[in-house]
Amino acid sequence: MTILNPRLVPLGGLRAMTVRRTLPHAGKRTIGAWCFVDHFGPDPIVETGGMNVAPHPHTGLQTVTWLFEGEVEHRDSVGSQQLVTAGQVNLMTAGRGISHSEVSTEATTSLHGVQLWVALPDEHRHVLPFFEHHVPPRASIEDAQLTVFVGELLGVTAPTTVFSPLVGAEVILPAGGRATLPVEESFEYGILVDAGAPMIGGQEAVADQLVYREPGAAEIAIEAGGQPCRLVLLGGVPFGERLVMWWNFIGRSHQEIVEFREQWQADVVAGGDPDGIYGTVAGGLAPVPAPEMPNVTLRPRG
Ligand code: MN
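Numbering (our numbering), first residue to last: 103 to 404.
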């Protein structure tokens, strides 16, 4: 077990919402195909302005939105318009290219949750984009209540579409509670602590940390200790591909990222081709221009 501590990242905007990012981490790029873990809140919207992310592109990945509190409206270039709140999952498969916006609603006073990315394996990363919204199934074991929003755990299977062996679940334990989760020996795991100070596989952890566990064990024991705890369990077979991750794109080479960026700038930011791969997002927000590329060649990592 290894502890990955978060770094604070402002999401941008005038009143930037700040997220706690534990993946990618200097010591760990991916956990299974999970390649990005942003954890936020509980943020009082009056202070942070909430989530107000204008249309921006993605390639080569899936985004998973899982909230504990608050409500976010997702719109994308395949025509989706979908609210997501606690107990529901939004999953967007970018494939060859998509754009979307995410805005917390007027009814939201506090925003709290995670935004996750899943890298698509090379053989599936050029699929046509699509979006799905589900109320995923629940399960329980000993003192733990789980909601399985990706993959399969405890005999329940999430309805979300994934392209590699993967699991994602919220785990809640009351103060003093304990549970031993049966897990896949071939998976590596990351357990994000949202609340509480649990012992996870004998490792003490506190809120906002991600506890990493290598493949090879058949169970993970969790003890809540003196406080209730909420965790997000992420796992998968170690992702055997090297990725180039830059801004909102995942590719396999520097040149590919340059092309993704140029196409976004030309088709959408400059308005050259509303029917291009990134399409158009309804709602009237101006698309976000890509930052300049760095002066160094981006190298595949992982
Ligand atoms: Mn996005």
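Ideal Cβ placement from N, Cα and C applies to all residues, glycine included.
Cβ-Cβ separation, Pro159 to Tyr380 (assumed contact under 8 Å), whole Å: Right, their Cβ atoms sit about 5 Å apart.
Does DSSP classify Ala323 as helix, strand or coil? Three-state DSSP puts Ala323 in a strand.
Whole-angstrom C-beta distance between His127 and Leu294, which should lie under 8 Å: Actually they are not in contact, since the Cβ atoms of Leu294 and His127 sit about 12 Å apart, beyond 8 Å.
Could you tell me the boundaries of the alpha helix (DSSP H) in which Ile105 lies? Run containing Ile105: none in the alpha helix (DSSP H); it sits in the beta strand (DSSP E), 104-106.
Does DSSP put Val371 in a helix, in a strand, or in coil? DSSP places Val371 in helix when its eight states are reduced to three.
Look up Ile198 in the DSSP assignment and say whether it is helix, strand or coil. The identity of residue 198 in the sequence shown is Arg, whereas the question assumes Ile. Arg198: coil per DSSP, three-state reduction.
Cβ of Thr165 versus every heavy atom of ligand 1: is any distance shorter than 7 Å? Within the cutoff, so yes.
Can you name, in chain order, every residue of its own chain whose Cβ lies under 8 Å from the Cβ of Pro146, other than the five neighbours on each side? These residues qualify, in order along the chain: Thr211, Ser212.
May I ask you to check if the CB of His160 is nearer than 7 Å to at least one heavy atom of ligand 1? Checking the Cβ of His160 against ligand 1 gives yes.
Across which residues does DSSP place Leu230 in a beta bridge pair? Leu230 pairs with nothing; no bridge assigned.
Specify the secondary structure class of Thr150 as computed by DSSP and reduced to three states. Looking at Thr150 - three-state DSSP - the assignment turns out to be helix.
Which residues in the same chain have their Cβ closer than 7 Å to the Cβ of Glu278, if we skip the five residues on either side of it in sequence? Strictly speaking, residue 278 in this sequence is Gly, with Glu absent from that position. Ala326.
Could you check which residue in Pro276, Ser355, Phe138, Ala392 has the C-alpha nearest to that of Ala297? Selected option, being the one with the closest Cα: Pro276.
To the nearest angstrom, how far is it from the Cα of Trp366 to the Cα of Trp349? One Cα belongs to Trp366, the other to Trp349, and the distance between them is close to 12 Å.
Rounded straight-line distance, which links the Cα of Leu230 to that of Phe341: So the two alpha carbons sit approximately 22 Å from each other.
Please return the same chain residues whose Cβ sits closer than 8 Å to the Cβ of Pro402, not counting the five positions on each side in sequence. Taking Pro402 as the centre and dropping the five residues before and after it, the same chain places the C-beta of Arg344, Leu345, Val346, Arg354, Ser355 closer than 8 Å to its C-beta, in chain order.
Is His141 near ligand 1 - that is, is its Cβ less than 7 Å away from at least one heavy atom of it? Result no, Cβ not under 7 Å from ligand 1.
Residue ranges of each beta strand (DSSP E) within the segment 269-353, 3 or longer: If one requires a minimum length of 3 residues, the beta strand (DSSP E) runs lying completely within the segment 269-353 are 280-284, 290-297, 312-315, 321-325, 331-338, 346-348, 351-353, in chain order.
Report yes if the CB atom of Glu234 is closer than 8 Å to the CB atom of Leu193, and no otherwise. Contact flag set, yes.
Can you determine whether any heavy atom of ligand 1 sits closer than 7 Å to the C-beta of Asn154, and answer yes or no? Because no heavy atom of ligand 1 lies under 7 Å away, the Cβ of Asn154 does not count as near it: no.
Which residues mark the beginning and the end of the alpha helix (DSSP H) in which Val360 is found? Following the DSSP letters along the chain, one finds Val360 inside the alpha helix (DSSP H) bounded by residues 356-366.
Proximity below 8 Å, CB of Glu316 to CB of Thr282: In this structure, Thr282 does not lie closer than 8 Å to Glu316 by Cβ.
With 16 as the cutoff for other CB atoms within 10 Å, does Thr104 come out buried or exposed? Looking at its Cβ environment, which holds fewer than 16 other Cβ atoms inside 10 Å, Thr104 is exposed.
Determine the direct distance from the alpha carbon of Val166 to that of Thr382, and round the result to whole angstroms. So the alpha carbons of these two residues sit roughly 21 Å apart.
Have a look at the DSSP bridge pairing and note the partners of Phe138. According to DSSP, Phe138 bridges with Trp219.
Cβ-heavy atom distance, His127 to ligand 3, below 7 Å: Ligand 3 is not part of this structure, which contains only ligand 1.
Alpha-carbon spacing of Glu173 relative to Gly151, whole angstroms: Those two C-alpha atoms are separated by around 13 Å.
In the DSSP assignment, the beta strand (DSSP E) including His176 goes from what residue to what residue? For His176, the enclosing beta strand (DSSP E) has its first and last residue at 173-178.
Checking 8 Å against the spacing of the C-beta atoms, do His214 and His176 come in under that value? No Cβ-Cβ contact shorter than 8 Å links His214 with His176.
How about Glu175: is its C-beta nearer than 8 Å to some C-beta of chain C? Among the chains of the structure shown, chain C does not appear; only one protein chain is present.
When DSSP labels each residue in this structure, what does Asp145 get in the three-state scheme? It is a strand residue.
Considering only residues of the same chain and omitting the five flanking positions on each side of Arg332, which have a CB-CB separation below 6 Å? If the five residues before and after Arg332 are omitted, its C-beta is found closer than 6 Å to the C-beta atoms of Ile274, Asp296, Ala297, all from its own chain and listed in chain order.
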